[in-house]
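Trainee: Provided herewith is a single structure, encoded as structure tokens, for subsequent inquiry.
Chains as they are written, first to last, in the working numbering: chain A, 95 to 419; chain B, 21 to 333.
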């Protein structure tokens, strides 16, 4: 009974989040393309194929991290270290591929393994030493960022080798950026994981009712650890895409990404107390945030106002969502 | 008054030190303690080497320490300098506020302090030596002017990819705008905040290209990261021949982009000059050659283009 109510709530919340997304897009469309605020071109610049691709490309980095963040928040946790992991991924890729000249695909694999281990270590400390996830990942947020700086002596690793730039810049079939495809593939993976596998069910149960989960024989520690490990891998995928897009592995990137990922997850209707939420919601949440920041830039809103507007929209999305329930 | 008191205290301490160990090398050689926020960064390496060369020539003993981006470590280093009774301290703080109390403690102990590159808040230092960021912005405006004139562009939009809320970059921003407004009355300047970061710089450049289309003729990034982030967006959109990019600081990656003709040029700082200027002023103060110092002593900046580095007065 409770299960089905939760599923229903999940559906309603997704629908309302999607309506918010459509409403926001409509407002920005009217302001930029019909009223021509902030620009004087005769073409539409917001609702235009190039810009839609631009937005999807921009949100792919955040969305992929946020998919992982959703798992962690579903098991009643939090991961503040994802932004630092993005930096670690970029610089380790730089060290492997640019400095040590390890072939690109093997470098990717090594970086992904490191990302998984880093997420795994978060999960181990949280579950085995039994410390609050907020504190543990606040610490690892600092540690990973420091490691990123140390690994490259504070200097970005850059290359003129074009193969490094393919995954973040190249279009497939002439129009589809690889980043967007990667985002969709990972979306499908996480969606199936949550809705079709036993690990998915265990994640919901662990976050929804830990006691019940434990009594029904679920090894909740391992469910948690899996969530953190997958988040580490997600953040690493984003780090690889970002490094490729920028053409360098820099220890300075990914600052504040944890907040963007948490925002996308929460705006997407995932409950901060765990157990309730969907990957589809998170994708829509990431879209909302992406459309806001793109829209505000197109409208020429001053940077300081942008932060306020973004905050207010996050707040109203969450309020609207909670009312619907 | 405080300064006079500090000098008196310093003189009395110095004289007791002289009386106490009559024939130590301190007698004819000044000892200066230096703490850097980090020696790993090439910027500070360059500063350090220049200071060592100057010390060699001027018969000064330098005690160089690395703060490792940690205000706690730097605070300990300042305390060590007080214990060692050095003649003066040069500090490049990793945190302006956090180091205020330790630096004031040194000053109260009669040790004169000069800050370099980053100022110390809440301490009565002799002076602060750093690059002239406003001038640097004007130089960047000059580089942009040259590039646009070469392309015969006199209208359109130029964007600044900024780090809002940071004083040094705001001065760069202001200097740049002043020159651009004077040289191009028909060009509009729009400021986008990228928090000084590369990934955010890329995103705002993408949005700006979408918003202004062919109207966008130039991008000024207020540091290495913002200009390089914008470059990756412009390069991907294949707009390099329509958008001139100017940056600041000329790190290795920017230099490579300048040599490849992707970035017009950068304003460049001279850390070596910064280091030697700080040292000279401290020594002048200790020797009583000069007693009045302004709060801020700007150090010249220059340009880095395909032709290499050039200092501008």
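By construction, the Cβ of each residue, glycine as well, lies at the ideal position given by its N, Cα and C atoms.
Can you pull the chain B neighbours of residue 205 of chain A, defined as C-beta to C-beta under 7 Å?
Mentor: Those do not exist, as residue 205 of chain A stays about 17 Å from chain B at its closest Cβ, beyond 7 Å.
Trainee: What do you reckon, are the CB atoms on residue 287 of chain B and residue 87 of chain B nearer than 7 Å?
Mentor: no
Trainee: Step through the CB atoms of chain A and report whether any lies within less than 7 Å of the CB of residue 69 of chain B.
Mentor: no
Trainee: The alpha helix (DSSP H) that contains residue 344 of chain A, what's its start and end?
Mentor: Secondary structure note for residue 344 of chain A: it is in no alpha helix (DSSP H), with a DSSP letter that is neither H nor E.
Trainee: Using a Cβ-Cβ cut-off of 6 Å (strictly less than) and excluding sequence neighbours within five positions of residue 185 of chain A, which residues of its own chain qualify?
Mentor: Hits under 6 Å: 242, 245, 246, 343 and 345.
Trainee: How would you list, in chain order, the residues of chain B whose beta-carbon sits under 9 Å from the beta-carbon of residue 398 of chain A?
Mentor: 184, 185 and 213
Trainee: For a quick check, are the C-beta atoms of residue 213 of chain B and residue 184 of chain B less than 7 Å apart?
Mentor: yes
Trainee: With 7 Å as the threshold, decide whether the Cβ of residue 233 of chain B is near any Cβ in chain A.
Mentor: yes
Trainee: Tell me the rounded alpha-carbon separation between residue 261 of chain B and residue 158 of chain B.
Mentor: 23 Å
Trainee: Look up residue 126 of chain A in the DSSP assignment and say whether it is helix, strand or coil.
Mentor: helix
Trainee: With 7 Å set as the bound, which would you pick, yes or no: does the beta-carbon of residue 135 of chain A sit closer than that to a beta-carbon of chain B?
Mentor: Judged by the 7 Å Cβ criterion, residue 135 of chain A is in contact with chain B.
Trainee: Taking only beta-carbon positions, decide if residue 14 of chain B is within less than 7 Å of chain A.
Mentor: Residue 14 of chain B cannot be examined here, being either before or after the span of chain B that is shown, 21 to 333.
Trainee: According to DSSP, what are the bridge partners of residue 208 of chain B?
Mentor: Assignment of beta-bridge partners to residue 208 of chain B by DSSP yields B/177.
Trainee: Is it a yes or a no for the segment 167-180 of chain B touching the segment 139-146 of chain B, going by three-plus beta-carbon pairs under 8 Å?
Mentor: Under the Cβ criterion (8 Å, minimum of three pairs), the segment 167-180 of chain B does not count as touching the segment 139-146 of chain B.
Trainee: With C-beta atoms as the reference, is residue 189 of chain B less than 7 Å away from residue 242 of chain B?
Mentor: yes
Trainee: For the 8 Å Cβ check, are there 3 or more pairs between the segment 111-123 of chain B and the segment 262-272 of chain B?
Mentor: no
Trainee: Which same chain residues end up closer than 6 Å to residue 277 of chain A when comparing Cβ atoms and leaving out the 5 residues on each side of it in sequence?
Mentor: Apart from sequence neighbours up to five positions away, the residues of its chain that approach residue 277 of chain A with a beta-carbon distance below 6 Å are 154, 157 and 158, ordered along the chain.
Trainee: Looking at residue 375 of chain A and residue 384 of chain A, is the spacing between their C-beta atoms short of 7 Å?
Mentor: no
Trainee: How many angstroms separate the CA atom of residue 162 of chain B from the CA atom of residue 227 of chain A?
Mentor: 51 Å
Trainee: Note down, in chain order, all residues in the segment 335-360 of chain A with a beta-carbon under 9 Å from any beta-carbon belonging to chain B.
Mentor: 336, 339, 340, 341, 342, 344, 346, 347, 348, 349, 350 and 351
Trainee: Per DSSP, which residues does residue 285 of chain B bridge with? Please list them.
Mentor: Its beta-bridge partners are B/266.
Trainee: In three-state DSSP terms, what is residue 117 of chain B?
Mentor: coil
Trainee: Which bits of chain A does residue 222 of chain B rub up against, with CB to CB less than 8 Å?
Mentor: In chain order: 339 and 340.
Trainee: Give the secondary structure of residue 240 of chain B by DSSP, where H, G and I count as helix, E and B as strand, and everything else as coil.
Mentor: strand
Trainee: Under the assumption that residue 238 of chain A contacts residue 175 of chain A (Cβ atoms under 8 Å), give the Cβ distance between them as a whole number of angstroms.
Mentor: 5 Å
Trainee: Buried or exposed: which applies to residue 267 of chain B, given that a residue is buried once 16 or more other Cβ atoms fall within 10 Å of its Cβ?
Mentor: buried
Trainee: From the DSSP output, in three-state form, read off residue 210 of chain A for me.
Mentor: helix
Trainee: Determine the direct distance from the alpha carbon of residue 75 of chain B to that of residue 46 of chain B, and round the result to whole angstroms.
Mentor: In this prediction, residue 46 of chain B scores a pLDDT of 48, lower than 50, which makes its location untrustworthy; no coordinate-derived value is stated.
Trainee: With distances taken from CA atoms, which of A/231, A/182 and A/221 is nearest residue 207 of chain A?
Mentor: Per the Cα distances, A/182.
Trainee: Taking only runs of the alpha helix (DSSP H) that begin and end inside the segment 342-412 of chain A, which ones reach a length of at least 4 residues, in chain order?
Mentor: 351-361 and 373-393
Trainee: Please report the distance separating the alpha-carbon of residue 44 of chain B from that of residue 245 of chain B.
Mentor: Model confidence at residue 44 of chain B stands at a pLDDT of 47, short of 50, so the residue's coordinates are unreliable; what they give is reported in the following sentence. Whole-angstrom Cα-Cα distance: 49 Å.
Trainee: From the beta carbon of residue 275 of chain B, is the nearest beta carbon of chain A less than 7 Å away?
Mentor: For residue 275 of chain B, the nearest beta carbon of chain A is not closer than 7 Å to its own beta carbon.
Trainee: Looking at the unbroken beta strand (DSSP E) that takes in residue 148 of chain B, where does it start and where does it end?
Mentor: 147-151
Trainee: With distance defined between alpha-carbon atoms, name the residue in B/320, B/290 and B/237 nearest to residue 65 of chain B.
Mentor: B/290
Trainee: For residue 380 of chain A, would you say it is in contact with chain B, using Cβ-to-Cβ distances shorter than 7 Å as the test?
Mentor: no
Trainee: Could you give the DSSP three-state label for residue 101 of chain B: helix, strand or coil?
Mentor: helix
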